Structures are given as structure tokens and as C-alpha cells.
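In my numbering, the protein residues as written are 15 to 104.
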């Protein structure tokens, strides 16, 4: 998902390379009839970017999940949520 989001940012002129975009991902696992099952995945992005790109960043963030192969594959059976923290850089 981070690759798709990073690509969406770059396509809109927002740099996402060189550590500017970082993703922290957590999964929640439960037991279903004695079998471990992934139920939820939470992805929290941290992006260092200029505030002038706020609209482009928002559009990329909102648009990336349905364009992401991982999201499209898993979202029907695993709850996936994303959050974005933007750290302003000059």
C-alpha cells in the first residue's frame, strides 16, 4: 500500500522518496475455531512534505486504496484502515 500511495504522491508532484514517506503497519490476529486469522490491518503513514502540497496529498491519500493491489486483494476479508500524519518541512 505504501508503494501505491508513494506513487500517487509522486504523480502529483509530491516527493515521497528518501525517507519522506514512512509506513507503520499493525495487524490484529484473532482465533477462529482454533486457527489464527488476521482480522484487521492498520497502516499509519508519516509524510514529510511542504504545506503547499496539502490538497495533492489529500487527493493521493483518498485515491490510493482502490488503486492498490494489496488493498483490493485483502479488503473484502480483512478490515484495513489508513491514517496520515503530515510533518511540515520548509
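Just so you know, even glycine gets a beta-carbon here, dropped at the ideal spot from N, CA and C. Please read these numbers as outputs of a predicted model, since none were measured by experiment.
Just to confirm the assignment, what range does the beta strand (DSSP E) spanning residue i have?
i: residue 99; result: 93-102
i: residue 34; result: Element bounds for residue 34: n/a, residue is neither H nor E.
i: residue 63; result: 49-63
When the distance is taken between beta carbons, is residue j closer than 8 Å to residue i?
i: residue 18; j: residue 91; result: no
Could you compute how far the alpha carbon of residue i sits from the alpha carbon of residue j?
i: residue 63; j: residue 52; result: 32 Å
i: residue 48; j: residue 103; result: 48 Å
i: residue 78; j: residue 15; result: 8 Å
i: residue 93; j: residue 54; result: 5 Å
i: residue 69; j: residue 100; result: 12 Å
i: residue 21; j: residue 84; result: 14 Å
i: residue 30; j: residue 66; result: 15 Å
i: residue 80; j: residue 86; result: 6 Å
i: residue 106; j: residue 38; result: In the structure as shown, the chain begins at 15 and stops at 104. Residue 106 is therefore absent and cannot be evaluated.
i: residue 95; j: residue 42; result: 12 Å
Quick one: measure Cβ to Cβ for residue i and residue j, integer angstroms, because I've assumed they're closer than 8 Å.
i: residue 59; j: residue 97; result: 7 Å
i: residue 56; j: residue 40; result: 5 Å
i: residue 35; j: residue 61; result: 5 Å
What are the start and end residues of the alpha helix (DSSP H) that includes residue i?
i: residue 84; result: 83-88
i: residue 20; result: 16-25
Pair every Cβ in the stretch 23-31 with every Cβ in the stretch 68-86, then say whether three or more of these pairs are closer than 8 Å. Note that the stretch 23-31 touches the stretch 68-86; at least 3 beta-carbon pairs, one per stretch, sit closer than 8 Å.
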